[in-house]
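Comments concern the structure below.
Protein chains: 2
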Amino acid sequence: MKALLLIAHGSRRKQSNDEVVILADRLKLNCSEQYEIIHAGFLELAEMLIPDGIKKCVDDGATSIVVLPYFLNSGRHVIEDIPNIVNETKPHYPNINIKIAPHLGASNLMMELLITTANATQ
Amino acid sequence: MKALLLIAHGSRRKQSNDEVVILADRLKLNCSEQYEIIHAGFLELAEMLIPDGIKKCVDDGATSIVVLPYFLNSGRHVIEDIPNIVNETKPHYPNINIKIAPHLGASNLMMELLITTANATQ
Numbered sequence: 188m189k190a191l192l193l194i195a196h197g198s199r200r201k202q203s204n205d206e207v208v209i210l211a212d213r214l215k216l217n218c219s220e221q222y223e224i225i226h227a228g229f230l231e232l233a234e235m236l237i238p239d240g241i242k243k244c245v246d247d248g249a250t251s252i253v254v255l256p257y258f259l260n261s262g263r264h265v266i267e268d269i270p271n272i273v274n275e276t277k278p279h280y281p282n283i284n285i286k287i288a289p290h291l292g293a294s295n296l297m298m299e300l301l302i303t304t305a306n307a308t309q
Numbered sequence: 188m189k190a191l192l193l194i195a196h197g198s199r200r201k202q203s204n205d206e207v208v209i210l211a212d213r214l215k216l217n218c219s220e221q222y223e224i225i226h227a228g229f230l231e232l233a234e235m236l237i238p239d240g241i242k243k244c245v246d247d248g249a250t251s252i253v254v255l256p257y258f259l260n261s262g263r264h265v266i267e268d269i270p271n272i273v274n275e276t277k278p279h280y281p282n283i284n285i286k287i288a289p290h291l292g293a294s295n296l297m298m299e300l301l302i303t304t305a306n307a308t309q
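Quick mapping for you: the protein sequence lines, in order, are chains A and B.
Residue numbering for the first sequence follows our numbering, starting at 188 and increasing by one per position.
Residue numbering for the second sequence follows our numbering, starting at 188 and increasing by one per position.
Right under this line is the structure:
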C-alpha cells in the first residue's frame with residue numbers, strides 16, 4: 188500500500204497546523220485510489236513529528252511512503268533537515284520504500300497556481 | 188497598467204530569495220499580457236521590502252497592483268503583517284487600486300499541485 192506523508196514546518200499557531208491536517212484530509216478525498224494512506228506531519232513545533240508520521244504510515248500497512256514537503260522554497264529545512272530526519276528513520280524500516288518529493292516551488296504547476304490566485308483577486 | 192507584486196517571507200539564505208526573484212521573472216514570461224509589471228518583494232530579511240515593491244510598481248506606471256503572498260498558510264504574516272504594511276502604504280497612492288490576493292494554500296489548485304508533485308517522485 189502506498190502512503191503519502193505531507194510534512195509542513197509546524198507553527199505555534201494551532202490554526203496553521205489545523206490547516207495542514209485539513210489539507211491532508213482533503214487529499215484523502217481526492218487521491219485515495221493512488222495513496223491508500225495519507226497523513227500530515229510536522230518538522231517541528233507540532234504533532235506528529237516526521238518519525239511518528241512514518242511509523243504511523245507503516246503501522247497502517249504502507250509498503251512505500253512519499254514524504255511530501257509542504258514548503259515553497261529550497262531552504263535549509265527542505266535541503267537538510269527533512270532529508271536528515273527521513274534518512275535517520277529509514278534503517279528502522281528496511282523493507283519500506285521511503286522517498287522525498289521536491290518542494291512545491293519546484294513545480295511548473297506553481298506558475299498556474301500563482302496566476303489563478305492573482306486573477307481571482309481582481 | 189496592472190502590476191503583480193509577489194511577496195515572500197524573505198530568508199537569510201540568499202538562494203531562497205533568489206528563487207523568488209527567478210519565479211517572478213518566470214511569471215513575466217508567462218503572464219505579461221495580464222500583468223505588464225511584475226516584481227518580487229519580501230516581508231522581511233531581504234530586499235525589496237513591501238513598501239519599496241509597491242513604490243516600484245507605481246514608478247513603473249501601475250494603476251492597479253495585486254499583492255500576491257507567496258505563503259502556504261494563513262499565519263500571522265498573511266493575516267496581519269502583510270495587510271498592515273499594505274494598508275499603511277495605501278494613503279501614499281490614493282489613485283492606485285491595491286489589493287491583496289489570498290495565500291496559496293487557499294486555492295483548489297493546491298490539491299492538484301500536491302498530487303502531481305507526489306506522483307513525480309515515484
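For every residue, glycine included, the Cβ atom is placed at its ideal position computed from N, Cα and C.
| said: Using a Cβ-Cβ distance cut-off of 7 Å, determine whether ASN271/B contacts chain A. | reply: Chain A contact via Cβ: absent.
| said: Quick check: the Cα distance between VAL208/B and ASN274/B, rounded to an integer number of angstroms? | reply: Near 24 Å, if we compare the C-alpha coordinates of ASN274/B and VAL208/B.
| query | With which residues is GLY228/A paired in a DSSP beta bridge? | reply | Partner(s): ILE194/A.
| said: Contact defined as beta carbons within less than 8 Å: I believe ASP205/A pairs with LEU230/A. What is the distance between those atoms, to the nearest angstrom? | reply: The beta carbons of ASP205/A and LEU230/A sit about 16 Å from each other, so the pair does not count as a contact at 8 Å.
| request: Run the CB neighbour count on ASN295/A, radius 10 Å, all protein chains shown included, and call it buried at 16 or more, exposed below. | output: An exposed status is given to ASN295/A, since fewer than 16 other beta-carbon atoms sit within 10 Å of its beta-carbon.
| query | If you follow the alpha helix (DSSP H) that SER261/A is part of, which residue opens it and which one closes it? | reply | Unbroken run through SER261/A: none, as it is neither H nor E.
| query | Going by the beta-carbon positions, is the gap between GLY228/A and LEU259/A smaller than 7 Å? | reply | Inclusion of GLY228/A and LEU259/A in the CB contact set at 7 Å is not warranted, their separation being larger than that value.
| task | Evaluate ILE297/B with the Cβ neighbour count: other Cβ atoms within 10 Å of its Cβ, from every protein chain shown; 16 or more gives buried, anything less gives exposed. | result | Looking at the sequence shown, residue 297/B is not Ile but Met. Counting Cβ neighbours within 10 Å, MET297/B comes out buried, since at least 16 surround it.
| message | Between which two residues does the beta strand (DSSP E) holding LYS277/A run? | response | No beta strand (DSSP E) holds LYS277/A; DSSP gives it neither H nor E.
| query | Thinking C-alpha only, which one of ALA195/A, HIS290/A and ILE252/A is nearest MET235/A? | reply | Measuring from the Cα of MET235/A, the nearest candidate turns out to be ALA195/A.
| request: Name, going along the chain, the residues of the region 199-224 of chain B whose beta-carbon falls closer than 8 Å to a beta-carbon of chain A. | output: With the criterion set as a beta carbon lying under 8 Å from some beta carbon of chain A, the members of the region 199-224 of chain B are ARG200, GLN202, SER203, GLU206, VAL207, LEU210, ARG213, LEU214, ASN217, CYS218, GLN221 and TYR222, in sequence order.
| request: Kindly indicate which three-state DSSP category ASN282/B falls into: helix, strand or coil? | output: Here ASN282/B sits in coil by DSSP.
| request: Measuring only between beta-carbons, confirm whether ASN274/B sits less than 7 Å from chain D. | output: Among the protein chains in the structure shown, which are A and B, there is no chain D.
| Beta-carbon proximity of PRO238/A to HIS290/A, cut-off 7 Å | For PRO238/A and HIS290/A, no; Cβs fall outside 7 Å.
| request: Could you spell out the range, first to last residue, of the alpha helix (DSSP H) harbouring LEU214/A? | output: From DSSP, the alpha helix (DSSP H) with LEU214/A extends over 201-218.
| The alpha helix (DSSP H) with ASN306/A in it runs from where to where? | Note, ASN306/A: alpha helix (DSSP H), 296-306.
| Contact set between PRO289/A and chain B, taken where Cβ atoms lie within less than 8 Å | What PRO289/A touches in chain B: THR304, ALA307 and THR308.
| field | Buried versus exposed call for VAL279/A [16 or more other C-beta atoms within 10 Å across all chains shown] | value | The question names Val, but residue 279/A in the sequence shown is His. Counting Cβ neighbours within 10 Å, HIS279/A comes out exposed, since fewer than 16 surround it.
| task | To the nearest angstrom, report how far apart CYS244/A and THR308/B are at their CA atoms. | result | So the two alpha carbons sit approximately 17 Å from each other.
| query | Alpha carbon to alpha carbon, what distance is there between VAL253/A and HIS264/A? | reply | Rounded to the nearest angstrom, the two C-alpha atoms are 17 Å apart.
| Straight-line Cα distance separating ALA293/A from ILE283/B | Put simply, the backbone Cα of ILE283/B is about 33 Å away from that of ALA293/A.
| task | In the DSSP assignment, find the unbroken alpha helix (DSSP H) run with PRO238/B in it and report its ends. | result | For PRO238/B, the enclosing alpha helix (DSSP H) begins and ends at 237-246.
| Assuming MET188/B and ILE225/B make a contact with CB atoms under 8 Å, what is their CB distance in whole Å? | About 11 Å separates the Cβ atoms of MET188/B and ILE225/B, ruling out a contact at the 8 Å cut-off.
| said: Contact criterion: CB-CB distance below 7 Å. Does TYR280/B meet it with respect to chain A? | reply: By the rule that beta-carbons nearer than 7 Å mark a contact, TYR280/B does not touch chain A.
| Nearest-angstrom Cα separation, counted from ALA190/A out to SER277/A | First, the amino acid is wrong: residue 277/A is Lys here, not Ser. Computed Cα separation, rounded: 15 Å.
| task | For the region 249-263 of chain A, enumerate the residues whose C-beta is nearer than 8 Å to any C-beta of chain B, in chain order. | result | Shown in chain order are the members of the region 249-263 of chain A whose Cβ falls below 8 Å from a Cβ of chain B: SER251, VAL253, LEU255, TYR257, PHE258, LEU259, ASN260, SER261, GLY262 and ARG263.
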